[in-house]
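Yeah, the sequence shown ends on 417 if you go by the UniProt record's numbering, and it's all consecutive. Every residue, glycine too, gets a C-beta built ideally from N, C-alpha and C. All figures in this text were calculated on a predicted structure; none of them were measured in a lab. Notes for the one structure printed next.
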Amino acid sequence: MRLVKIYLRYYPPGIALNYRKRNIEETKMIDLFDLTPSCDLQVVTKKIASTEPLITQDIFPQVIEILEKLQKKLKEPVNTKFYLFKTLQTHILPLTNVSFDKSGKKCITGSYDRTCRIWNVESGDEEKVLKGHENVVFSVAYNYPKCDRILTGSFDKTAKIWNPTSANCLNTLWGHTAEIVAAEFNPNQGEQVVTCSMDNTARVFHAETAQEVHLFGDHRAEVISARFNKDGNLLLTASFDQTAIVWDMRMKEHAVVIRGHEAELSNAIWNFQCSLIATSSLDKTAKLWDVRKLDYCQAVASHKDEVLDVAFNCTGSRLATGSADCTAKVWDVTGNFELVTIMAGHTDEVSKVTFSPPGGLLLTASADKTARIWNSATGICTQTLAGHDGEVFSCSFNYSGDAIITASKDNSCKIWR
Numbered sequence: 001m002r003l004v005k006i007y008l009r010y011y012p013p014g015i016a017l018n019y020r021k022r023n024i025e026e027t028k029m030i031d032l033f034d035l036t037p038s039c040d041l042q043v044v045t046k047k048i049a050s051t052e053p054l055i056t057q058d059i060f061p062q063v064i065e066i067l068e069k070l071q072k073k074l075k076e077p078v079n080t081k082f083y084l085f086k087t088l089q090t091h092i093l094p095l096t097n098v099s100f101d102k103s104g105k106k107c108i109t110g111s112y113d114r115t116c117r118i119w120n121v122e123s124g125d126e127e128k129v130l131k132g133h134e135n136v137v138f139s140v141a142y143n144y145p146k147c148d149r150i151l152t153g154s155f156d157k158t159a160k161i162w163n164p165t166s167a168n169c170l171n172t173l174w175g176h177t178a179e180i181v182a183a184e185f186n187p188n189q190g191e192q193v194v195t196c197s198m199d200n201t202a203r204v205f206h207a208e209t210a211q212e213v214h215l216f217g218d219h220r221a222e223v224i225s226a227r228f229n230k231d232g233n234l235l236l237t238a239s240f241d242q243t244a245i246v247w248d249m250r251m252k253e254h255a256v257v258i259r260g261h262e263a264e265l266s267n268a269i270w271n272f273q274c275s276l277i278a279t280s281s282l283d284k285t286a287k288l289w290d291v292r293k294l295d296y297c298q299a300v301a302s303h304k305d306e307v308l309d310v311a312f313n314c315t316g317s318r319l320a321t322g323s324a325d326c327t328a329k330v331w332d333v334t335g336n337f338e339l340v341t342i343m344a345g346h347t348d349e350v351s352k353v354t355f356s357p358p359g360g361l362l363l364t365a366s367a368d369k370t371a372r373i374w375n376s377a378t379g380i381c382t383q384t385l386a387g388h389d390g391e392v393f394s395c396s397f398n399y400s401g402d403a404i405i406t407a408s409k410d411n412s413c414k415i416w417r
């Protein structure tokens, strides 16, 4: 084996070793979840080399130089201030969803006006309008990391795949018998997409042929989210039937049903390693599940009202929950599942929570017309992003963590830098 090149992955920290073996190039990923800004990089490099024969002593200086770049990205200034950069007056009718591309230079929005629109974040200009749906465009998604395709899910019971450059619809995905409420690309097999619907099913389609590959129909109520694991061989669905299900894409059947909630689920997500699943519910709890033993709930995060959202940080060491009780909470999931801090300050329900890429900040969206930025370790609110005239229902950082987008029921998106 001969090492060809070393690539960086900033969030979560890791390095990819591109090497040649028998004239075939292959890539091996090394996760560095324990890397911190204060780590001794000599020690880290020796530890990597002890189990990785491609890392030889003669390239230690190169590896240390690469690790220094990773360390710099982890040094997140938690008191950084964001300022309003652009307001995007997106649609005449209500906005439904928003998403950055990986570069943070473009974003897409869906709306009750039956369109998805592509925006230039730098100029605030509308670049393309994706027309073709016959009802509300509720879900919008890019195929990360390429971002050369867009997937939309609609109340017209179809999903569509688009070329963002030409604004042409490449395929329409048929099969659902009720509104589609979520859709995403398979991260490992970009030719596959999943859609979930109020018809109690999730469906997997081939993006190029538009053929339905799998129909997952074991839920007894509306399916409100569907997410592939990072390898693309498992699918996690959440439903109003109070359960989540892990499906084996290879066997085309469910692997296990996750039971334990006493009301409808609001979300179900994987951590980055896909070793843990978090579910949130209107029963005022979020629950943590070990993928190896999903019949047993590992831990319960409690609120005083419905839990509306849940999010892991990039390394999976922290879990955030957002609730109708106007608070967000951060939990340590590395040991005994302890409460780290409570974010109190919103005056209405918290419908969205998301960590900054390095994890030092938590961003929340609320029906009180604001988004807030919090120190995820202390729970101190470092900034309130005010200016919307309606409920803020979505918020996210770009991949670099230096821009924020907020979406509101006032039909606008705001870019903060």
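So, do the stretch 104–117 and the stretch 131–138 have three or more beta carbon pairs nearer to each other than 8 Å? yes
DSSP state of phenylalanine 138 mapped onto helix, strand, coil: Position 138 of the sequence shown, counted from the start, is the residue given in the question as residue 138. Phenylalanine 138 falls in the strand class under three-state DSSP.
Quick check on this structure: which residue in Glu391, Asn97, Cys169 and Ala320 has the alpha carbon closest to the alpha carbon of asparagine 375? Within the sequence shown, residue 375 is the residue found at index 375, counting from 1. Asparagine 375 has its Cα closest to that of Ala320, out of Glu391, Asn97, Cys169 and Ala320.
Considering just the uninterrupted stretch of the alpha helix (DSSP H) at isoleucine 64, what are its terminal residues? Sequence index remark: in the sequence shown, residue 64 carries index 64 (1-based). 60–74 is the extent of the alpha helix (DSSP H) around isoleucine 64.
Cβ pair arginine 9, alanine 16 closer than 9 Å: Here residue 9 refers to the residue found at position 9 when the sequence shown is read from its first residue. Here residue 16 refers to the residue found at position 16 when the sequence shown is read from its first residue. Closer than 9 Å, so yes.
Between isoleucine 373 and serine 281, what straight-line distance do the alpha-carbon atoms span, to the nearest angstrom? Numbered from its first residue, the sequence shown carries residue 373 at position 373. Numbered from its first residue, the sequence shown carries residue 281 at position 281. Cα to Cα, isoleucine 373 sits roughly 24 Å from serine 281.
Residues in its own chain within less than 6 Å of residue 442 by CB, not counting five upstream and five downstream? Lying outside 1 to 417, the shown extent of the chain, residue 442 is not represented and no answer is given.
Could you round the C-beta distance between valine 193 and alanine 207 to whole angstroms and report it? I think they count as a contact, below 8 Å. Residue numbering aside, residue 193 sits at position 193 when the sequence shown is read from its first letter. Residue numbering aside, residue 207 sits at position 207 when the sequence shown is read from its first letter. About 5 Å; that satisfies the 8 Å criterion.
N-terminal and C-terminal residue of the alpha helix (DSSP H) that valine 340 is part of: For the purposes of this step, residue 340 is identified with residue 340 of the sequence shown, where counting begins at 1. No alpha helix (DSSP H) holds valine 340; the beta strand (DSSP E) holding it covers 338–344.
Exposed or buried, tryptophan 174, counting other C-beta atoms within 10 Å across all chains shown (16 or more means buried)? The count along the sequence shown starts at 1 and reaches residue 174 at position 174. Exposed, since its Cβ has fewer than 16 Cβ neighbours within 10 Å.
Use the C-beta contact count for aspartate 231: other C-beta atoms within 10 angstroms, 16 or more gives buried, fewer gives exposed. The residue you call residue 231 lines up with position 231 of the sequence shown. Exposed: under 16 other Cβ atoms inside 10 Å.
Measure the alpha-carbon distance for lysine 414 versus asparagine 143 and round it to whole angstroms. Along the sequence shown, read from residue 1 onward, the residue named residue 414 stands at position 414. Along the sequence shown, read from residue 1 onward, the residue named residue 143 stands at position 143. Spanning the two alpha carbons is a distance of roughly 23 Å.
Among the candidates Asn267, Cys326, Trp331 and Ile224, whose CA atom is the shortest distance from the CA of alanine 377? Position 377 of the sequence shown, counted from the first residue, corresponds to residue 377. Answer by Cα proximity: Trp331.
Ignore the nearest five residues each way along the sequence and tell me which others in arginine 101's own chain have a CB closer than 6 Å to its CB. Looking up residue 101 in the sequence shown gives position 101. Reading off the sequence shown, one finds aspartate at residue 101, where the question assumed arginine. Excluding positions up to five away in sequence, the list reads Tyr142 and Cys147.
I need the straight-line Cα distance from glutamate 126 to histidine 91, nearest angstrom please. In the sequence shown, the residue the question calls residue 126 occupies position 126. In the sequence shown, the residue the question calls residue 91 occupies position 91. Distance between the alpha carbons of glutamate 126 and histidine 91 is about 10 Å.
Check whether the Cβ of arginine 9 lies closer than 8 Å to any heavy atom of the ligand ATP, and answer yes or no. Ligands in the displayed structure: none, and consequently the ligand ATP is not present.
Quick one: is glycine 38 buried, meaning 16 or more other Cβ sit within 10 Å of its Cβ, or exposed? Taking the first residue of the sequence shown as position 1, residue 38 is located at position 38. Reading off the sequence, residue 38 comes out as serine, not glycine. By the neighbour-count rule (16 or more Cβ atoms within 10 Å), serine 38 is not buried but exposed.
Considering only the beta carbon of each residue, do residue 418 and glycine 110 sit closer than 9 Å? Beyond the ends of the chain as shown, which are 1 and 417, falls residue 418; an answer cannot be given.
Just confirm the distance between the C-beta atoms of threonine 201 and leucine 215, as a whole number of angstroms; I'd bet it's less than 8 Å. For the purposes of this step, residue 201 is identified with residue 201 of the sequence shown, where counting begins at 1. For the purposes of this step, residue 215 is identified with residue 215 of the sequence shown, where counting begins at 1. Right, the Cβ-Cβ distance comes to about 6 Å (below 8 Å), so this counts as a contact.
What does a CB cutoff of less than 8 Å around tryptophan 416 pick up in its chain, not counting 5 residues either side in sequence? Walking along the sequence shown from the start, residue 416 turns up at place 416. Closer than 8 Å at Cβ, skipping near neighbours: Phe82, Tyr83, Leu84, Phe85, Leu385, Ala403, Ile404, Ile405 and Thr406.
With respect to the alpha helix (DSSP H) encompassing valine 43, which residues constitute its N-terminal and C-terminal limits? The sequence position of residue 43 within the sequence shown is 43, counting from 1. Note, valine 43: alpha helix (DSSP H), 41–51.
Is the beta carbon of glycine 322 less than 9 Å from the beta carbon of threonine 364? For the purposes of this step, residue 322 is taken as residue 322 along the sequence shown, with counting starting at 1. For the purposes of this step, residue 364 is taken as residue 364 along the sequence shown, with counting starting at 1. For glycine 322 and threonine 364, yes; Cβs fall inside 9 Å.
Give a yes or no on whether the C-beta atoms belonging to alanine 278 and phenylalanine 312 are separated by under 9 Å. Mapped onto the sequence shown, residue 278 falls at position 278. Mapped onto the sequence shown, residue 312 falls at position 312. Closer than 9 Å, so yes.
What residues match up with aspartate 375 in a beta bridge as DSSP calls it? Here residue 375 refers to the residue found at position 375 of the sequence shown. It is worth fixing the name first, because residue 375 is asparagine in this sequence and not aspartate. According to DSSP, asparagine 375 bridges with Leu361.
Got a sec? Which residues, its chain only, sit under 6 Å from leucine 294 by beta carbon, not counting five neighbours each side? Counting from one through the sequence shown, the residue named residue 294 turns up at place 294. Here the set comprises Val256 and Ile258.
When the Cα atoms are used, what is the spatial distance from proline 12 to leucine 32? Here residue 12 refers to the residue found at position 12 when the sequence shown is read from its first residue. Here residue 32 refers to the residue found at position 32 when the sequence shown is read from its first residue. Cα-Cα distance, rounded: 8 Å.
Just mark alanine 188 as buried or exposed, buried being the case when its beta carbon has 16 or more other beta carbons within 10 Å. Counting from 1 along the sequence shown, the entry for residue 188 is found at position 188. It should be noted that the sequence gives asparagine, not alanine, for residue 188. When all chains shown are included, asparagine 188 counts as exposed.
In terms of residue numbering, what span does the beta strand (DSSP E) encompassing histidine 91 cover? What you label residue 91 is simply residue 91 of the sequence shown in a count that begins at 1. Counting along the chain, histidine 91 falls outside any beta strand (DSSP E), and DSSP gives it neither H nor E.
Mind checking whether serine 239 and glutamate 262 have CB atoms under 9 Å apart? Counting from one through the sequence shown, the residue named residue 239 turns up at place 239. Counting from one through the sequence shown, the residue named residue 262 turns up at place 262. No, the pair does not count as a contact, with Cβ atoms beyond the cut-off.
In angstroms with no decimal places, state the Cα-to-Cα distance between glycine 153 and threonine 45. The sequence position of residue 153 within the sequence shown is 153, counting from 1. The sequence position of residue 45 within the sequence shown is 45, counting from 1. When rounded, the distance between both Cα atoms is 45 Å.
Going along the chain, which residues of its own chain have a beta-carbon closer than 7 Å to the beta-carbon of asparagine 271, five neighbours each way excluded? Within the sequence shown, the letter at position 271 stands for residue 271. Around asparagine 271: Phe312 and Gly316.
For a test of the three-state rule: what should DSSP assign to valine 121, helix, strand or coil? The sequence position of residue 121 within the sequence shown is 121, counting from 1. Three-state DSSP puts valine 121 in coil, outside helix and strand.
I need the straight-line Cα distance from aspartate 283 to isoleucine 224, nearest angstrom please. As a first step, residue 283 is located in the sequence shown; it is residue number 283 there, counting from the start. As a first step, residue 224 is located in the sequence shown; it is residue number 224 there, counting from the start. Whole-angstrom Cα-Cα distance: 16 Å.
Would you decide whether lysine 28 is buried or exposed? Buried here means 16 or more other CB atoms lie within 10 Å of its CB. Numbered from its first residue, the sequence shown carries residue 28 at position 28. Label assigned to lysine 28: exposed.
Sorted by chain position, which residues of the same chain lie with C-beta nearer than 6 Å to aspartate 290's C-beta, five sequence neighbours on each side aside? Taking the sequence shown and counting its residues from 1, one reaches residue 290 at position 290. So the qualifying residues of the chain are Gln298.
Could you say which of Glu26, Arg2, Lys5 and Glu349 lies nearest to aspartate 325 if we only look at CA atoms? In the sequence shown, the residue the question calls residue 325 occupies position 325. Minimum Cα distance to aspartate 325 is reached at Glu349.
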